[in-house]
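Colleague: Quick note on numbering: the sequence shown equals residues -5 to 152 in the numbering used here. Positions of the beta carbon are idealized from the N, C-alpha and C atoms, including for glycine. Sharing a structure below in structure tokens format, with a few things to ask.
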Amino acid sequence: MKELYILRHAQKEIQNDYEYDYDISLSKKGFEDAKKIGKLLKQKEVLPDLIVSSPAIRARQTAQIVAQEIGYDKNIMFNEVIYQAFLNELIESITYTYDSVNSLLIVGHNPALTALALTFGNLKEELQMGNAVKIEFNCNSWIDIDKSNSNFVELIKI
């Protein structure tokens, strides 16, 4: 069994005309929301084997705050593919995960994360900033994940 947690970064600052999207930080509310979702995940005893995040500032900040809240003490992997990824690129990145990882948390951006949750989890709404989805796969290898062996477990809202 493989567990996938899909977490959209928390609320970001409003983008200025001169600011590159990649460099936008979390807002004050975003920092608070990242702590909230981290606390909710800890209450649910979520402790992934691996956290993979987009390296964009707001995703990186969200991943680091959540890692601290849940007691994750390993390195966070920052994967450039997750930033501005298409659905197929996200799926491909997941399938490259070592099979020794049974629980994976991905922190990234829409629209790809919502598309991922729709594809594997039948999510019926857009994944909002700071919210997470848990999906289980009835397989032993990430390369075998598929809609046919996926099970939507829950939407975790702040």
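Let me check understanding here. Comparing Cα to Cα, which of Y66, I0, K68 and Q58 lies closest to P49?
Modeller: Q58
Colleague: State buried or exposed for K94, treating a residue as buried only when at least 16 other CB atoms are found within 10 Å of its CB.
Modeller: Here residue 94 turns out to be Ser, not Lys, going by the sequence shown. So S94 ends up on the exposed side.
Colleague: Let me check one thing: in DSSP terms, what residues is V127 bridge-paired to?
Modeller: According to DSSP, which records beta bridges pairwise, V127 is partnered with I0 and L149.
Colleague: What is the rounded straight-line gap between the Cα of Y226 and the Cα of G32?
Modeller: The displayed coordinates of the chain run from -5 to 152. Any statement about residue 226 would go beyond what the structure contains.
Colleague: Can you tell me where the alpha helix (DSSP H) with S87 in it begins and where it stops?
Modeller: L81 to T89
Colleague: Helix, strand or coil for S142 per DSSP?
Modeller: helix
Colleague: If you compare alpha carbons, which of L34, Y66 and S47 is closest to E148?
Modeller: L34
Colleague: Can you tell me whether I9 is buried or exposed? The criterion is at least 16 other CB atoms within 10 Å of its CB, across all chains shown.
Modeller: Strictly speaking, residue 9 in this sequence is Gln, with Ile absent from that position. Exposed is the call here.
Colleague: Would you check if there are 3 or more beta carbon pairs closer than 8 Å linking the segment 100 to 108 to the segment 78 to 90?
Modeller: Yes: the two stretches touch, three or more of their Cβ pairs being nearer than 8 Å.
Colleague: Name the DSSP beta bridge partners of M71, please?
Modeller: V46
Colleague: Counting C-beta neighbours from all protein chains within 10 Å, is the total for T91 16 or more, i.e. buried, or is it exposed?
Modeller: buried
Colleague: If the criterion is Cβ atoms closer than 8 Å, does the pair D138 and S97 meet it?
Modeller: no
Colleague: DSSP state of V60, grouped into three classes?
Modeller: helix
Colleague: Considering Cα atoms alone, identify which of I51, V40, E(-3) and H3 is closest to D15.
Modeller: I51
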